[in-house]
Structure formats: structure tokens, C-alpha cells
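Read through the structure below, which is laid out as C-alpha cells, and then see the notes.
In my numbering, the protein residues as written are 27 to 381.
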């Protein structure tokens, strides 16, 4: 070997040396049993560079476990729920058309480039910090925004998620060898290496800065819009007619994401507005009716969950007569959104589900 990376001293959370006399020793085996070896290993590289001394605070270990491993396994569980093995290919053999697919692949390429450069320079701290950011982007933005597409069988979305997951764990393997191997065994096909640790390091691909910049701008607008909704006391389930954005120049694909995230009908550009975004908070009777429908869907979904329904379960739905006019106005949309083959009305039941 040419280089050895050794860990620095592990101190208690206040920066004091651990000793029996002070009673501040943390049993490593207890932590391993509680959080897993990969979480502990990754934590060592997430606080600072491995060779530097570290203050051990169990709260930060738990937080890391949630923000990396819990999120990652949630993404895997979602993929497996709608998995189609016939679409699983080792390489991206197509050019994604959807801007979200394009963006996550570019973000993956960006992370591979950073991880390669920092690991070659023996700076794993930077690679692990960027790993946390990428997994957050994958889970809370890409998968959440692509959830309906994947549920409906969109082939490009499924291929993109599979490729992203599989490539990501090859980069994670040095940091989290057991987790990477576990996920690899779940995802690999007959032509793959037997172990993730036998795979070649991914080379990555083109990094289109405009995709990353445009999606970053989109997310910033969404954040400002959500903040404006909160200040106005308007839930996201209540549709609004429009949001006006100062100096908005993004393509229509990004505008569609903003409309969907903020539940608005239109995105308008206006360089003369005082703030960066302005919401039209005037709620017409039509918008109010749509908002009531979304509240009804939420209540039905809550009942489905309470009754133990799985996502793919098709139900017979019984609603109170009070919902009849609303439900009939959105009949086909309601059935699709809540997985119902029939809707009946009752003078006694509020919301009742029959499997």
C-alpha cells in the first residue's frame, strides 16, 4: 500500500478525552448494535477529515443515519414497490426527455466527479458531505416529484431511478460497504458482478451546468411560494390562480414543476413586482371547489392508510351524502387518485372503505 488513513482521537461530546474516571466512555459495540457499522463509519468521515479528533455526540450519529440510510432505503423500497425488471439496464441507453430525469443524472455525474477528485486527494470528508446532499436531492426532490410518473409506469423514470441507485451505491461502497452490498444484491441482474466491491469505479458523464442552475432556481421559487402561502394561511391543497415571479425566464418544463409544487394554475413573469414572488390569493368558487375536493382526497387516503390498505389495493368507497355533489363533479379523477372502482353514498357513513 502507499497510503494509510487513520482516525484521530474520539473525544466525548464536550471535547474531553474519554476515561473511566470521568465516566464518559461510550461503548463502541453498543453504538454499532444500535446504529450499524456503516453509520458509524460514515459518521467518522462526516464530522471532519478522518485524521482529525472528533467529539462524539450520539445525536449526530442518529441524524446521519436518518438523513443517509433511512432516506436511501426509503427510495429503494419505493422503487421495489413498482419495479419492472425488464427495464433494468446497466447503462443509460437512452437520453431522458423529462427535465427531472435529466437533472438527477447530471447531479449524479456531478457527485461522481467530486467524489473521485476528493478521494484521490484523500479528503473523504468532502465526498461524504456531498453524498448527504445528493441523497437528499434524490429522495426529497427527484423521487417525490417523480412519484406519480413511476406509479403510472413511466419507463424512462423507472430506468433513470434504477440507474441512479445502482451507480450511487458503487460510489458509496468505500464509505458504507455493507449497505452498498445489501442494495447491490437487491438490484443486480444476471450480467452484473457478483459483488458491488468487484465493480469498476463509475466514470460519470457530461455535467450540464444550466440544468443544475435552472433546477436550483425552480426550487428557490417553490420555497418562496410556499413561504408566501404560509404567511397567507393558505394550505397547498387549496389551488390558486397564479404566482407572479420577477424576471422569470425558465422553460415551460420548470414552470410545470412550480405549478404542481405550489398548486397554482399559471406562472407569470413580471419584472415590475416589488418582491421576488407574489401569489394571487383570490379564491374563486371554482378554486374553492377544487380545494374541497383535495381535502376529501386527503381524508380518504388517511382512511385507506388507517384501514391498512396497500398502495395497489382497489377499493369500493362509501361516502356521506354530503360529499355527493363534490364527488360526482370529480368522479373519474377521484377514483383514480384513491384507487376506487366504485363510489356509493350513505346517510350514515362519513368515509368507509370496502376492500
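Quick reminder that beta carbons are idealized off the backbone N, C-alpha and C, glycines included. Every value quoted in this text rests on a predicted model; they were computed, and no experiment measured them.
Here DSSP, grouped into helix, strand and coil, assigns residue 115 to coil. Going by DSSP, residue 298 is part of no alpha helix (DSSP H) at all; its letter is neither H nor E. The three-state secondary structure of residue 356, taken from DSSP, is coil. Residue pairing by DSSP places residue 378 opposite 344 in a beta bridge. Taking the CA atoms as reference points, residue 274 sits about 10 Å from residue 303.
When secondary structure is reduced to three states using DSSP, residue 370 falls in the strand class. Under a 10 Å Cβ-count criterion, residue 251 is classified as buried, with 16 or more other Cβ atoms of the shown protein chains found around its own Cβ.
Here DSSP, grouped into helix, strand and coil, assigns residue 31 to coil.
When secondary structure is reduced to three states using DSSP, residue 73 falls in the helix class. Per DSSP, residue 144 has no beta bridge partner at all. Shown here for residue 299: same chain residues with a beta carbon closer than 6 Å to its own, the five before and five after excluded, namely 270 and 272 in chain order.
Counting only residues of its own chain and dropping the five nearest sequence neighbours on each side, residue 53 has no CB closer than 6 Å to any other CB.
In the three-state DSSP reduction, residue 39 falls in the coil class, being neither helix nor strand.
Three or more Cβ pairs closer than 8 Å define a contact, and the segment 208–217 falls short of that threshold against the segment 226–243.
Straight-line measurement puts the Cα of residue 245 at about 14 Å from the Cα of residue 254.
Cβ-Cβ separation between residue 201 and residue 140: approximately 13 Å, too far for a contact (criterion under 8 Å). For the options 230, 360, 190 and 38, the alpha carbon positioned closest to that of residue 80 is the one of 38.
Only residues of its own chain outside the window of five on either side were considered, and among them 340, 341, 342 and 361 have a CB closer than 8 Å to the CB of residue 367, listed in chain order. Within its own chain, the residues whose Cβ lies closer than 6 Å to the Cβ of residue 380, once the five positions on either side in sequence are excluded, are 342, listed in chain order.
Per DSSP, reduced to three states, the secondary structure at residue 262 is coil, with no helix or strand assignment. Of the candidates 114, 65 and 106, the residue whose Cα lies closest to the Cα of residue 92 is 65.
A distance below 8 Å between beta-carbons, with the five flanking residues on each side excluded, links residue 315 to the following residues of its chain, in chain order: 352 and 355. If you check the CB distance, residue 190 and residue 130 come in under 9 Å.
Residue environment analysis places residue 193 among the buried positions, since at least 16 neighbouring C-beta atoms fall within 10 angstroms of its C-beta.
Judged by DSSP in its simplified three-state form, residue 326 adopts helix.
Contact check for residue 309 and residue 256: beta-carbon distance about 16 Å, past the 8 Å limit, so the pair fails to qualify. According to the DSSP assignment, residue 87 belongs to no beta strand (DSSP E) but to the alpha helix (DSSP H) extending over 84–90.
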